[in-house]
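Enquirer:
2 protein chains.
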Amino acid sequence: MSWTISDIRTFLAVLDAGSISAAAARADLSKSVVSKRISDFEAALGVALFTRHAGRIAPTDSAFALAERLRPALADLVAATESVAGPEAPLRGRLAVAGPMSFGLRHLGPVIAGFARAHPQLEVVLDYDDQLTDLGRSGFDVALRIGWLRDSSLIARRLCEDPHALVASPDYLARHGPILSPADLAGHEAIGYLNARLSEIWPFGPEVAPPRQGRITANNGDAMRDLAIGGLGLALLPLFIVHDALRDGRLVRILPDLPQRRLPVSVVWPPTRPMPRKTRAFIDHIADAFAEDPPWQRGV
Amino acid sequence: MSWTISDIRTFLAVLDAGSISAAAARADLSKSVVSKRISDFEAALGVALFTRHAGRIAPTDSAFALAERLRPALADLVAATESVAGPEAPLRGRLAVAGPMSFGLRHLGPVIAGFARAHPQLEVVLDYDDQLTDLGRSGFDVALRIGWLRDSSLIARRLCEDPHALVASPDYLARHGPILSPADLAGHEAIGYLNARLSEIWPFGPEVAPPRQGRITANNGDAMRDLAIGGLGLALLPLFIVHDALRDGRLVRILPDLPQRRLPVSVVWPPTRPMPRKTRAFIDHIADAFAEDPPWQRGV
DNA sequence: CGCGCGCGTTCGCAATATCCGAACGCGGCT
DNA sequence: AGCCGCGTTCGGATATTGCGAACGCGCGCG
């Protein structure tokens, strides 16, 4: 019994998704197909990749070790098959784009729709996930990132800058006291962001101490905005998320004149040589799209 | 339409074999299957890999470029899947062994049969071909080589040494005159070896000039021996090929006391890291098998 | 403590893909 | 001119794949 590319892709998908059911849902396959592919793959390799207990699976150490080698090998294979078409040949294959949820939903849709229309034979996959930290996960070609980059192994191109706003609801300030200077921040709590510590994304410089992180956290910017509107604390959020709430008064800006370092919005990709044509095309496309200031920055 | 591992393997096989019919024969598939896989692969990639004319195919430049990238990528994928089994797991997968035709037929059969019996889940492929020069051709894991190695990118382990004999038939010597000293060689012709120039494998050192290469050449040692027996010239051949013909007088040794550098017999493999377990196991096995002098060297 | 839930596995069945052999057209060789 | 070997195409048989239902398991909740 031998393995197939589908077996490998399915294995990596299950590892990423954490369960057969989730991987099946993502791949639009039935659970039985995914389950069988995993079993067949294990039989072909002669090793258990997952342990089974009470209708749950857990990856083995072998699974992680195998994935570590399969991902680049599969990427090379795919890159090889996609490299062979001439420069004028239509783009084909599969381009996976990752990005933050709120940013993606708001600003990437039309841009990527335009790109997909321009390349009808290219399969485009969007995966919006605020927790995304590892471009090495199976199948991603490019990612959008907000903030200063931690992973220096990736190549980055800055698209624009994203100012943040420290906000609170009027109700919150009425109950907890106004904030008239940076020193006043110490007496307040901020709604936490599950995927990054406040100090990591604090844009006002080290001389302004951030408020302490409160007992409320969320893993999504829109959720944090809603919690802030509900009066549960201060929130440091991208302007594009709070723009409307600021305009209609549900939130107010805290210390709006404080100078800040704007957070960059970048597209990043792994340093594959030669660069796949589809990756080049996408990066050029999105750079063009962001060449002028985004709408949420006009008038602020 | 997407491609499969079978498509890739079939493409590389056709490139190696030079025709769909030959590749089909080698793979024990029908011509129509191989033809369809090539067509499907071309459709999936959106590029022509072969040109067709009057029932013949020829590879395009794209085919060579693609193969150059697919071979290592496929090898990485296979290595990854084979790396995952623990050290005590039975060897599985596919081990391809290349070697010279005559040597392989005579001396490798029992050795490799023993190895195959010890590892019942491992598929073993033997490819005896005197012209084999490129271990990079698809699918070879190890090769046996006779002679000094040209390709320093391979790792070699010497198994034994292989003396050669310069021989001729009594009839040839009766017609062309005896050879009493090295200087007499100049007046004679040697049957050529299609895969190596005589000067490349001449074991008697530069101070002994080889005879000139004649109009008769062959690509196989046994064929050269038979041509020598037929009186068509001198032949420089491994002892294991001419051993029996020397014993029964059909050939006689020329200048048998001339000191020579024995040609090494080595097993070679590419420097893959980590070394596949199957490759390690095979090399150890064949080194053990050749640890004592081979039978054709006893009594000479 | 009992029930409902979500998970993964297995099985039978239908749909799809794969493989084979025959037939055909092409150009080269005798 | 006829034969040969090549690659392509097609219809049919076979094998594989994918699906949904049913089941057993342990966990969490009331």
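Chains as they are written, first to last, in the UniProt record's numbering: chain U, 1 to 300; chain W, 1 to 300. Quick reminder that beta carbons are idealized off the backbone N, C-alpha and C, glycines included.
1) Using beta-carbon positions only, say whether Ile216/U and Leu234/U come within less than 8 angstroms of one another.
2) Taking only three categories from DSSP, how would you classify Gly272/W?
3) Between the segment 54-71 of chain U and chain W, which residues of the former have a C-beta closer than 8 angstroms to a C-beta of the latter?
4) Suppose the cutoff is 8 angstroms on Cβ atoms and the five residues either side in sequence are ignored; what does the same chain contact list for Gly147/W look like?
5) I need the straight-line Cα distance from Ser138/W to Leu12/U, nearest angstrom please.
6) Which term fits Asp141/W, buried or exposed, when burial requires 16 or more other beta carbons within 10 angstroms of its beta carbon?
7) Measuring only between beta-carbons, confirm whether Pro87/U sits less than 8 angstroms from chain W.
8) Using three-state DSSP, classify Asp141/U as helix, strand or coil.
9) Just list the residues that DSSP pairs Leu251/W with in beta bridges.
10) State the Cα-Cα distance for the pair Met1/U and Pro276/W, rounded to the nearest angstrom.
11) Compare the Cα-Cα distances from Thr4/W to each of Leu159/W, Leu45/W and Ser62/W and report the closest residue.
12) Using the Cβ count rule (16 or more neighbours within 10 Å means buried), how would you classify Thr51/W?
13) Would you say Arg92/U reaches chain W, if we count a Cβ-Cβ gap shorter than 8 angstroms as a contact?
14) Per DSSP, what kind of secondary structure is Val167/U in: helix, strand or coil?
15) Out of Lys31/W, Asp40/W, Glu68/W and Asp244/W, point me to the one whose CA is closest to Val167/W's CA.
16) So, is Leu149/W buried or exposed, given that buried needs 16 or more other C-beta atoms within 10 angstroms?
17) Mind checking Trp269/W: buried by the 16 CB within 10 Å criterion, or exposed?
18) Tell me the rounded alpha-carbon separation between Asp76/W and Ile8/U.
19) Output needed in chain order: residues of the UniProt domain "HTH lysR-type" (3-60) of chain U with a Cβ under 7 angstroms from some Cβ in chain W.
20) Between Gly99/U and Ala156/U, is the Cβ-Cβ spacing less than 8 angstroms?
21) Measuring alpha carbon to alpha carbon, tell me which of Arg212/W, Met224/W and Val208/W ends up nearest Tyr193/W.
22) Take Val14/W as the anchor and find which of Ile112/W, Gly109/W, Ala63/W and Leu246/W has the nearest alpha-carbon.
23) Give the straight-line distance between the Cα atoms of Val97/W and Glu123/W, rounded to the nearest whole angstrom.
24) Chain W partners of Ala73/U, CB-CB under 7 angstroms?
25) Spatial neighbours of Arg145/W within its chain, please: C-beta separation below 6 angstroms, excluding the five flanking residues on both sides.
26) Within 8 angstroms of any Cβ in chain W, is that where the Cβ of Phe290/U sits?
27) Under DSSP, the alpha helix (DSSP H) around Ala291/U begins and ends at which residues?
28) Just to confirm the assignment, what range does the beta strand (DSSP E) spanning Ala50/U have?
29) Measure from the C-beta of Val125/W to each C-beta in chain U and report whether the shortest distance is under 8 angstroms.
30) How far does the alpha helix (DSSP H) with Glu189/W in it extend, from its first residue to its last?
31) Is residue 302/W close to chain U, meaning its C-beta is less than 8 angstroms from at least one C-beta of that chain?
32) Hey, is Val242/W's beta-carbon within less than 8 angstroms of any beta-carbon in chain U?
33) I think Ser169/U touches Gly86/U, with their Cβ atoms under 8 angstroms apart; what is that distance to the nearest whole Å?
34) Pull up the distance between the alpha-carbon of Pro182/W and that of Arg212/W, whole angstroms please.
35) Can Val34/W and Ala65/U be called in contact, C-beta distance under 8 angstroms?
36) Between Ser83/W and chain U, is any beta-carbon pair separated by less than 8 angstroms?
Expert: In terms of the structure at hand:
1) no
2) This sequence places Thr at residue 272/W; Gly is not what is there. Note: Thr272/W maps to coil in three-state DSSP.
3) Ser62, Ala65, Leu66, Arg69 and Leu70
4) Ala196, Glu200, Ile201, Leu263 and Pro264
5) The pLDDT assigned to Ser138/W is 46, lower than 50, so where the model puts this residue is not dependable, and the model offers no usable value.
6) buried
7) no
8) coil
9) Answer is none; Leu251/W lacks a bridge partner.
10) Confidence is the limiting factor: at Met1/U the pLDDT is only 47, short of 50, which leaves the residue's position unreliable, though a coordinate-based value still follows. When rounded, the distance between both Cα atoms is 20 angstroms.
11) Leu45/W
12) exposed
13) yes
14) strand
15) Asp244/W
16) exposed
17) buried
18) 13 angstroms
19) Trp3, Thr4, Ile5, Leu45, Gly46 and Val47
20) no
21) Met224/W
22) Ala63/W
23) 11 angstroms
24) Ala73, Asp76, Leu77 and Ala80
25) Ser266 and Val268
26) no
27) Looking at the DSSP string, Ala291/U is not in any alpha helix (DSSP H), and its letter there is neither H nor E.
28) According to the sequence provided, residue 50/U is Phe. The question's Ala does not apply to it. Per DSSP, Phe50/U belongs to the beta strand (DSSP E) from Phe50 to His53.
29) no
30) First-last for Glu189/W: Glu189 to Tyr193, but that is the beta strand (DSSP E), not the alpha helix (DSSP H).
31) As shown, chain W starts at 1 and ends at 300. That puts residue 302/W outside it, with no answer to give.
32) no
33) With a Cβ gap of about 58 angstroms, Ser169/U and Gly86/U do not count as contacting.
34) 13 angstroms
35) no
36) yes
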